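Enquirer: Residue numbers (this note's numbering), protein chains in the order written: chain Y, 1 to 242; chain F, 1 to 242; chain B, 1 to 242; chain L, 1 to 253; chain V, 1 to 253; chain U, 1 to 253.
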Amino acid sequence: MERPERLIVDGRRLDGRRPDELRPLQIKAGVLKRADGSAYVELGKNKVLVAVYGPKEMHPRHLQQSDVAVLRCRYNMAPFSVEERKRPGPDRRSIEISKVVREALEPVLFLHLYPRAAIDVFIEILQADAGTRTTGITAAAVALADAGIPMRDLVAGISVGKADGTVLLDLMKEEDQWGEADMPIAVMPRRKLVTLLQMDGNFTPDEFRQALDLAFKGIERVYEAQKRALREKYVPASEEER
Amino acid sequence: MERPERLIVDGRRLDGRRPDELRPLQIKAGVLKRADGSAYVELGKNKVLVAVYGPKEMHPRHLQQSDVAVLRCRYNMAPFSVEERKRPGPDRRSIEISKVVREALEPVLFLHLYPRAAIDVFIEILQADAGTRTTGITAAAVALADAGIPMRDLVAGISVGKADGTVLLDLMKEEDQWGEADMPIAVMPRRKLVTLLQMDGNFTPDEFRQALDLAFKGIERVYEAQKRALREKYVPASEEER
Amino acid sequence: MERPERLIVDGRRLDGRRPDELRPLQIKAGVLKRADGSAYVELGKNKVLVAVYGPKEMHPRHLQQSDVAVLRCRYNMAPFSVEERKRPGPDRRSIEISKVVREALEPVLFLHLYPRAAIDVFIEILQADAGTRTTGITAAAVALADAGIPMRDLVAGISVGKADGTVLLDLMKEEDQWGEADMPIAVMPRRKLVTLLQMDGNFTPDEFRQALDLAFKGIERVYEAQKRALREKYVPASEEER
Amino acid sequence: MKEMVSSVKRDYIVNLASQGKRLDGRTLDQLREIEVRRGVIGTAQGSALVKLGNTQVMVGVKIEHGEPFPDTPTSGILVVNAELLPLASPLFEPGPPNEDAIELARVVDRTIRESQAIDLEKLCIKEGEDVWAVFIDIYVLDHDGNLIDSSVMASVAALHDIKPPKDPEWTLPTFPIRRKPVAVTVAKVNGVLMVDAGLEEENVMDARLTISTLEDGTICAMQKGGSGFLERREIEEAYELARKCGEEIRKKL
Amino acid sequence: MKEMVSSVKRDYIVNLASQGKRLDGRTLDQLREIEVRRGVIGTAQGSALVKLGNTQVMVGVKIEHGEPFPDTPTSGILVVNAELLPLASPLFEPGPPNEDAIELARVVDRTIRESQAIDLEKLCIKEGEDVWAVFIDIYVLDHDGNLIDSSVMASVAALHDIKPPKDPEWTLPTFPIRRKPVAVTVAKVNGVLMVDAGLEEENVMDARLTISTLEDGTICAMQKGGSGFLERREIEEAYELARKCGEEIRKKL
Amino acid sequence: MKEMVSSVKRDYIVNLASQGKRLDGRTLDQLREIEVRRGVIGTAQGSALVKLGNTQVMVGVKIEHGEPFPDTPTSGILVVNAELLPLASPLFEPGPPNEDAIELARVVDRTIRESQAIDLEKLCIKEGEDVWAVFIDIYVLDHDGNLIDSSVMASVAALHDIKPPKDPEWTLPTFPIRRKPVAVTVAKVNGVLMVDAGLEEENVMDARLTISTLEDGTICAMQKGGSGFLERREIEEAYELARKCGEEIRKKL
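1) For Met183 (chain Y), which of helix, strand or coil comes out of DSSP?
2) Where Asn190 (chain V) and Leu31 (chain V) are concerned, what is the direct C-alpha to C-alpha distance, given to the nearest angstrom?
3) Rounded to the nearest angstrom, what separates Leu87 (chain U) and Leu28 (chain L) at their Cα positions?
4) Could you work out which residue in B:Tyr234, B:Asp170 and B:Leu197 is closest to Lys217 (chain B) when comparing CA atoms only?
5) Out of L:Pro73, L:Leu199, L:Glu129 and L:Lys188, point me to the one whose CA is closest to Arg233 (chain L)'s CA.
6) As a quick exercise: from L:Gln45, L:Gly25, L:Arg38 and L:Glu67, pick the residue whose alpha carbon is nearest that of Ile162 (chain L).
7) Can Val52 (chain Y) and Pro115 (chain Y) be called in contact, C-beta distance under 8 Å?
8) Tell me the start and end of each unbroken alpha helix (DSSP H) in the segment 147-182 of chain L that is at least 4 residues and wholly inside, in chain order.
9) Beta carbons nearer than 7 Å to chain F: which residues of the segment 221-244 of chain L have them?
10) Going along the chain, which residues of its own chain have a beta-carbon closer than 6 Å to the beta-carbon of Asp196 (chain U), five neighbours each way excluded?
11) Measure the C-alpha to C-alpha separation of Arg242 (chain Y) and Glu224 (chain Y) and round it to an integer number of angstroms.
12) Quick one, which of U:Lys21, U:Ala101, U:Pro96 and U:Ala82 has its alpha-carbon nearest Ile136 (chain U)'s?
13) Consider the Cβ of Leu171 (chain B): report whether some Cβ of chain V lies at a distance smaller than 8 Å.
14) Jot down the residue ranges of each uninterrupted alpha helix (DSSP H) in the segment 177-241 of chain L, minimum 4 residues, whole runs only, in chain order.
15) At the level of alpha carbons, what is the spacing between Glu103 (chain U) and Pro165 (chain L)?
16) So, for Ala238 (chain L): in the same chain, excluding its five sequence neighbours on each side, which residues have a beta-carbon less than 7 Å away from its beta-carbon?
17) Specify, as a first and last residue, the run of the beta strand (DSSP E) that Asn76 (chain B) falls within.
18) Examine the Cβ distances between the segment 121-140 of chain V and the segment 123-131 of chain Y and report whether three or more of them are shorter than 8 Å.
19) Got a sec: is the Cβ-Cβ distance from Gln127 (chain Y) to anything in chain V below 8 Å?
20) Kindly confirm or deny that the segment 11-25 of chain F and the segment 84-95 of chain F touch, where touching means at least three C-beta pairs closer than 8 Å.
21) Buried or exposed, going by whether 16 or more other CB atoms sit within 10 Å of the CB of Lys180 (chain L)?
22) Since Arg104 (chain F) and Val160 (chain F) should fall inside the 8 Å C-beta cutoff, what is the C-beta to C-beta distance between them, to a whole number of angstroms?
23) Using a 10 Å radius around the Cβ and a threshold of 16 neighbouring Cβ atoms, would you call His59 (chain Y) buried or exposed?
24) When the cut-off is 8 Å and only beta carbons count, does Arg110 (chain V) lie next to chain Y?
25) Quick one: any contact between the segment 27-42 of chain Y and the segment 140-149 of chain Y, if contact means 3 or more CB pairs under 8 Å?
26) DSSP three-state label for Ser159 (chain F), please.
27) Using a cut-off of 8 Å between C-beta atoms, extract the partners of Arg106 (chain L) located in chain F.
28) For Thr132 (chain F), which residues in chain L fall below 7 Å Cβ to Cβ?
29) Which term fits Glu93 (chain L), buried or exposed, when burial requires 16 or more other beta carbons within 10 angstroms of its beta carbon?
30) Using a Cβ cut-off of 8 Å (strictly closer), state whether Phe175 (chain L) contacts chain Y.
31) Does DSSP put Arg242 (chain Y) in a helix, a strand or coil?
32) Using a Cβ-Cβ distance cut-off of 8 Å, determine whether Lys62 (chain L) contacts chain Y.
33) With distances taken from CA atoms, which of L:Ser155, L:Ala158, L:Val156 and L:Pro73 is nearest Gly128 (chain L)?
34) Alpha carbon to alpha carbon, what distance is there between Val59 (chain L) and Arg10 (chain L)?
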């Protein structure tokens with residue numbers, strides 16, 4: 001595909017969004033039978049499924065921690081999730097993402113409640129269109145809640161970036177590919193604490209501050225959608241109307 | 001190599017056999033010193049060596065089963081056993097075959113007699129010419145008996161199939177490659193219980209029944225050869241003549 | 001690079017050495033902070049760094065030996081240590097060398113003093129120019145001494161070989177590549193006991209004896225340099241002058 | 001890989017079976033509810049999500065350029081891969097496909113390949129050099145039993161969903177798929193045969209026999225599994241079940 | 001992978017930090033001593049050994065022919081690999097790079113790539129077929145904390161040390177390196193921010209934020225690490241520290 | 001990898017050795033019975049089965065097209081691989097070759113390569129592009145000691161058994177094999193040297209020295225193994241044993 005001459009025309013992005021607009025976001029909790037908790041999220045063309053297992057006994061035993069539960073995360077892309085078929089199995093990118101996603105979720109969990117246990121979070125990217133790691137975090141937080149695991153707060157993720165010199169919320173694939181900067185961020189929304197922050201490209205100090213502003217705005221909306229999804233699962237519709 | 005115009009001419013196959021005829025079959029028990037039991041089988045151009053170790057302590061320990069012995073099978077082709085050198089190590093085909101071979105042997109073993117133990121069956125294909133998995137099973141049963149492991153029955157294997165529209169016993173390489181169907185089967189011969197059954201190609205329901213008939217005929221002959229091999233090893237020739 | 005017509009002209013080698021001359025040799029003990037012992041050796045263009053850890057608890061536990069410590073050696077080449085970038089990770093050559101290096105060091109250690117323990121020797125070839133395994137042994141012995149591990153003797157390594165029909169001490173890259181024989185050797189210098197001996201190429205029985213003679217001469221000089229390096233580290237310069 | 005089952009549960013299932021009954025009220029020859037959704041993944045040329053009771057399997061098919069095998073220089077390539085994702089079961093672990101995943105992929109492969117459902121000869125671009133490679137990736141999302149049958153369903157549905165790739169070298173009007181092979185796995189529980197075993201039934205079965213058939217009743221693949229044995233009579237009964245239930249499944253695809 | 005720390009040691013470091021002090025007497029915004037040695041490896045096109053306090057990192061750069069990626073047919077290739085050698089720490093084990101080594105390599109990669117320090121477009125030999133591949137191999141020799149910053153330093157120093165390869169196809173006068181990106185990692189210890197954490201400080205930190213900047217203060221890469229969180233205020237403070245210390249480091253390169 | 005030996009057994013073997021005797025009645029410089037069967041595998045170009053006492057090693061040689069190494073564009077390729085099959089010993093485990101298997105393959109490789117037994121220069125088809133690759137696969141079937149010597153025997157016998165491949169590009173009348181290098185491994189048991197150690201002797205030996213020689217006594221490869229040491233005198237004695245027994249072995253090949 002060729003890069004279009006401009007990614008932003010008259011203040012509108014290729015898909016018609018304004019710079020501070022999110023793509024359509026749908027979250028559903030409790031979509032799998034076997035998993036202890038699960039969630040399915042669509043953000044634009046991203047389709048992400050997450051399952052949580054645990055707290056459960058840690059195997060192999062020598063990885064048990066005597067004072068805390070161990071959180072394990074696996075971010076994985078389906079072979080058919082991208083334009084060119086991806087070979088199954090972890091690559092360097094997915095290993096790094098699995099690590100930062102784990103570190104983005106750890107701050108909200110009470111891991112000391114479950115010494116010697118393991119909590120597993122499996123993130124499957126079924127269809128990818130930029131922002132998969134942050135969408136994965138958004139889904140993982142809902143799946144953890146669905147599994148009934150006590151949490152200090154949810155974690156919501158979103159990406160901000162820059163294209164054609166404009167700071168943008170929630171990059172789509174074309175903006176990620178041809179834009180000038182990409183900054184995934186995850187936040188505990190209640191107290192606005194940042195648990196994941198990565199960036200590549202270029203930001204002036206001023207653009208960086210704008211990007212943070214925009215990110216916190218986007219996080220609010222993601223958080224609302226997360227809460228709605230959990231309410232939909234646990235509060236019967238009729239009861240909610242009262 | 002080019003496919004010959006016909007695989008069966010005047011009711012005779014490329015090597016002169018009739019449709020219901022086996023290739024020459026030779027079985028020898030107890031051919032290795034270190035192994036607890038062993039057997040060597042030649043079926044036509046197939047050359048197969050099998051060793052059995054066990055029952056023995058299972059390592060690693062976390063794979064022990066508290067109520068039964070674990071049977072482990074490894075089907076492996078020598079790099080020089082086929083036309084084009086095969087890279088050493090397991091591939092998807094050999095992993096699948098190892099599984100179905102194990103499931104073909106399990107029904108005759110009294111695994112509950114040896115809790116926490118392991119029984120290892122190593123099948124090496126030294127020269128391959130179609131029908132290696134069933135020849136491997138035939139050899140494995142003899143090797144298990146040679147190891148003195150109690151068995152309900154032997155297991156005998158053979159392949160049936162179809163070429164030029166004719167249902168055939170014991171496919172050779174050319175018939176396997178250019179024929180229309182291949183059906184490996186393993187049977188506990190005394191009560192005619194099927195422990196392995198696979199098939200690919202195409203069979204009408206009627207051909208399928210013919211194939212089963214032919215298979216059971218072939219199994220009889222394989223069984224006779226197995227018993228002869230075990231007798232040759234354990235009954236001194238002179239004694240047998242009495 | 002093309003092979004020069006002659007590797008020895010007027011009794012002098014490409015770098016001006018006589019057949020029985022060593023390349024410049026520098027040894028430094030205790031160059032790393034984290035390691036329990038370490039050494040850095042330059043022999044000609046070879047640059048080798050060795051770290052020793054241990055005796056320490058052996059993990060994984062099932063590899064513990066109830067009566068002795070286990071010595072583990074890893075010989076590894078940096079990707080940038082050779083002309084064409086070497087892919088990281090062990091290859092067959094480095095696995096074999098790790099084994100013979102371990103067997104070259106074991107005779108000087110009192111492994112029965114540390115049952116259930118492990119001693120790790122990590123040999124990193126930072127720049128390679130023939131003779132890396134023997135240089136690695138030379139460095140490893142100093143690093144073991146630096147770690148305070150009791151030893152019967154040091155072990156000194158050197159390579160001898162043949163080029164243009166002349167038996168040579170301490171082959172450099174060009175002599176190794178285009179010469180007729182290469183024989184790495186490691187010796188416990190005090191009693192002249194050989195702990196590593198390998199050879200490839202061709203030696204008449206007479207050349208072989210010459211090569212051994214030359215090797216023992218070279219080992220003496222390597223041993224002197226090893227002792228000097230250990231003295232430099234442990235005896236303050238001022239004190240030594242007294 | 002079987003899950004542990006309590007002996008009470010085992011006895012209960014076995015008892016029911018001997019009376020021709022099952023845990024979820026089905027008859028022995030009754031399938032669970034089947035839901036097939038096509039076109040679920042936009043980045044795949046073809047895709048489908050199959051729900052068979054609570055079992056969920058997604059399949060995505062990618063079509064790319066590939067080099068033909070030397071012995072079939074004019075034939076397209078078919079690659080089937082199955083991932084038993086750790087999301088789908090507490091017993092599935094991350095890592096390369098184990099023997100269960102490999103067996104699953106290979107049985108699906110044989111069912112599709114041997115049925116000649118895909119006309120691979122049409123997928124040649126340049127003899128001996130360039131052909132179309134068809135990658136079928138089976139993604140098991142939720143495991144409640146009978147992965148073989150549901151994976152064959154999802155694969156066949158995804159193949160029939162294929163939109164040709166946007167590539168100047170693709171010249172066919174449509175993807176050359178022409179048949180609907182269907183696998184039916186018959187489980188043997190204490191001597192009783194039943195179709196479409198749920199997970200708890202699978203955990204107590206002695207053996208299983210998968211029979212893949214075509215519209216006309218032709219068998220194109222079989223696979224026995226499990227540590228038990230089958231009598232000849234049972235094999236012939238299994239074929240009848242496979243034929244009957246296969247027709248039912250085929251209507252959904 | 002964190003090492004075990006006694007609670008006494010932890011309390012001591014935390015206490016010092018709350019008073020703006022550190023174990024080795026530094027201030028919170030003070031780097032350890034930096035020593036940069038270039039040209040240490042003759043078999044590499046460029047190399048450098050960096051000592052940051054007791055931490056030692058060697059980098060060797062090799063330049064070889066390579067095939068360009070299909071989507072960037074005129075662009076050279078950059079490959080960054082990091083080895084946490086078992087020589088460097090009792091916690092590093094032989095084997096393929098683990099998640100820590102991969103993260104390290106990828107943060108260095110992004111810092112160099114996104115800064116456009118190397119003009120990759122100049123490294124094309126023949127469009128779509130042959131380009132120069134630049135291999136940066138990071139060799140961690142002694143681990144006393146702050147591997148990211150020291151690895152970026154050693155990589156940038158090695159890139160600036162490059163002697164073009166002796167190859168008839170190399171036609172540039174020099175290696176096309178034009179900038180000096182610098183990474184500064186800020187550690188958060190019990191709410192206190194400090195730069196260039198030593199190993200013992202790293203072992204008790206809650207989180208870290210690496211910010212890579214260029215001469216003009218532009219940010220080209222960031223990476224948060226650790227199981228803790230950061231407030232927005234802390235992120236902005238970290239940037240100021242990164243800018244200030246970055247300039248100091250850049251002078252050494 | 002050594003097997004456990006009881007101290008009684010150890011003492012017995014050591015005692016015998018000190019009297020110049022051995023478990024199976026041989027003298028110290030006596031080989032076990034050697035049986036060499038050629039042409040045992042029809043799918044290989046050359047093959048041999050060697051029995052050395054109860055030790056059994058099979059070797060199959062395959063000849064295929066290959067690409068030459070850049071630095072030897074006119075030279076054929078020799079690849080030696082050894083598999084310590086789990087059939088052969090309770091201590092051999094399935095999996096990729098461990099250090100023992102790799103050492104075995106590499107000692108055989110050096111013995112054959114350095115003896116120039118194969119004229120690799122004759123195996124060039126098209127300079128820099130296409131040469132013959134000779135794959136020697138060593139298959140250890142039954143391990144009763146002295147795998148190196150038996151593997152060299154079987155490899156050399158298999159090479160001398162080669163029927164040229166049926167390939168239009170093969171133009172030589174015969175396979176260019178011209179020598180018979182032979183390896184003799186001398187074991188040192190409590191200071192006593194003996195040839196062709198059986199498994200039980202290997203399990204108590206301090207060290208071993210393998211010396212590969214040619215017809216004229218030239219040494220083409222050596223390898224010391226084991227955790228012990230050798231005196232110079234022992235090395236020279238080992239050479240004499242290698243030369244003497246080598247001649248004996250060569251007659252069988």
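Cβ atoms here follow ideal geometry from the backbone N, Cα and C, with glycine treated the same way.
For clarity, every value in this text was computed on a predicted model and none was experimentally measured.
Expert: The short version:
1) Here residue 183 (chain Y) refers to the residue found at position 183 when the first sequence is read from its first residue. In the structure shown, Met183 (chain Y) falls within a strand segment according to DSSP collapsed to helix, strand and coil.
2) If you number the fifth sequence from 1, residue 190 (chain V) lands on position 190. If you number the fifth sequence from 1, residue 31 (chain V) lands on position 31. When only Cα atoms are considered, Asn190 (chain V) and Leu31 (chain V) end up about 20 Å apart.
3) Position 87 of the sixth sequence, counted from the first residue, corresponds to residue 87 (chain U). Position 28 of the fourth sequence, counted from the first residue, corresponds to residue 28 (chain L). Answer to the nearest angstrom: the Cα atoms are 45 Å apart.
4) Start at 1 with the first residue of the third sequence, and residue 217 (chain B) comes out as number 217. Check the Cα spacing between Lys217 (chain B) and each of B:Tyr234, B:Asp170 and B:Leu197: the tightest is with B:Asp170.
5) The residue given as residue 233 (chain L) occupies position 233 in the fourth sequence. Here the closest residue by C-alpha is L:Lys188.
6) Position 162 of the fourth sequence, counted from the start, is the residue given in the question as residue 162 (chain L). Closest option to Ile162 (chain L), Cα to Cα, is L:Gln45.
7) As a working mapping, residue 52 (chain Y) is identified with position 52 in the first sequence. As a working mapping, residue 115 (chain Y) is identified with position 115 in the first sequence. No, Cβ-Cβ distance for Val52 (chain Y) and Pro115 (chain Y) is not below 8 Å.
8) Here the runs fully enclosed are 147-160.
9) Within the segment 221-244 of chain L, the residues whose Cβ lies closer than 7 Å to any Cβ of chain F are, in chain order, Ala221, Met222, Gln223, Lys224, Gly225, Gly226, Ser227, Gly228, Phe229, Leu230, Glu231, Arg232, Ile235 and Tyr239.
10) Position 196 of the sixth sequence, counted from the first residue, corresponds to residue 196 (chain U). Scanning its chain for C-beta atoms nearer than 6 Å, with the 5 sequence neighbours on each side dropped, one finds around Asp196 (chain U) the residues Leu31, Arg32 and Asn146, in chain order.
11) The residue given as residue 242 (chain Y) occupies position 242 in the first sequence. The residue given as residue 224 (chain Y) occupies position 224 in the first sequence. Residue placement at Arg242 (chain Y) cannot be trusted, given a pLDDT of 47 that sits under 50; the coordinates are not used to answer.
12) In the sixth sequence, counting from the first residue as 1, residue 136 (chain U) sits at position 136. That would be U:Ala82, whose Cα lies nearest to the Cα of Ile136 (chain U).
13) If you number the third sequence from 1, residue 171 (chain B) lands on position 171. Not closer than 8 Å to any Cβ of chain V, the Cβ of Leu171 (chain B) fails to qualify, so no.
14) Correct list: 199-202.
15) In the sixth sequence, counting from the first residue as 1, residue 103 (chain U) sits at position 103. In the fourth sequence, counting from the first residue as 1, residue 165 (chain L) sits at position 165. Rounded to the nearest whole angstrom, the C-alpha separation of Glu103 (chain U) and Pro165 (chain L) is 50 Å.
16) Counted from its first residue, the fourth sequence places residue 238 (chain L) at position 238. Excluding sequence neighbours, Ala238 (chain L) sits near Val186, Leu193, Leu209 and Ile211.
17) Mapped onto the third sequence, residue 76 (chain B) falls at position 76. Element bounds for Asn76 (chain B): Val70 to Met77.
18) No, because fewer than three Cβ pairs between the segment 121-140 of chain V and the segment 123-131 of chain Y fall closer than 8 Å, the two stretches do not touch.
19) Counting from 1 along the first sequence, the entry for residue 127 (chain Y) is found at position 127. Cβ-Cβ to chain V under 8 Å: no for Gln127 (chain Y).
20) Contact fails: fewer than three Cβ-Cβ distances are below 8 Å.
21) One-based indexing of the fourth sequence puts residue 180 (chain L) at position 180. Per the 10 Å Cβ criterion, buried.
22) Position 104 of the second sequence, counting from 1, holds the residue named residue 104 (chain F). Position 160 of the second sequence, counting from 1, holds the residue named residue 160 (chain F). According to the sequence provided, residue 104 (chain F) is Ala. The question's Arg does not apply to it. 16 Å between Cβ atoms; not a contact.
23) Taking the first residue of the first sequence as position 1, residue 59 (chain Y) is located at position 59. With fewer than 16 other Cβ atoms within 10 Å, it is exposed.
24) As a first step, residue 110 (chain V) is located in the fifth sequence; it is residue number 110 there, counting from the start. Answer yes: the Cβ-Cβ gap between Arg110 (chain V) and chain Y drops below 8 Å somewhere.
25) Counting Cβ pairs under 8 Å, three or more are found: they touch.
26) If you number the second sequence from 1, residue 159 (chain F) lands on position 159. Taken through DSSP and simplified to helix, strand or coil, Ser159 (chain F) comes out as strand.
27) Residue numbering aside, residue 106 (chain L) sits at position 106 when the fourth sequence is read from its first letter. Chain-ordered, the chain F residues with CB closer than 8 Å to the CB of Arg106 (chain L) read Arg92, Arg93 and Glu96.
28) Within the second sequence, numbered from 1, the residue matching residue 132 (chain F) stands at position 132. Within chain L, no residue has its beta carbon less than 7 Å from that of Thr132 (chain F); the closest one is some 16 Å off.
29) Translated into positions along the fourth sequence, residue 93 (chain L) becomes position 93. Classification for Glu93 (chain L): exposed.
30) Against the fourth sequence, residue 175 (chain L) aligns to sequence position 175. The beta carbon of Phe175 (chain L) sits no closer than 8 Å to any beta carbon of chain Y.
31) What you label residue 242 (chain Y) is simply residue 242 of the first sequence in a count that begins at 1. Residue placement at Arg242 (chain Y) is poorly supported in this model, since its pLDDT is 47, which falls under 50; the coordinates still yield a value, given next. Residue state for Arg242 (chain Y) is assigned as coil, using DSSP reduced to three classes.
32) Against the fourth sequence, residue 62 (chain L) aligns to sequence position 62. Cβ-Cβ to chain Y under 8 Å: yes for Lys62 (chain L).
33) Looking up residue 128 (chain L) in the fourth sequence gives position 128. The candidate whose alpha carbon is nearest that of Gly128 (chain L) is L:Pro73.
34) Residue mapping note: residue 10 (chain L) aligns to position 10 of the fourth sequence, counting from 1. Residue mapping note: residue 59 (chain L) aligns to position 59 of the fourth sequence, counting from 1. Within the model, the alpha-carbon separation for Arg10 (chain L) versus Val59 (chain L) is close to 33 Å.
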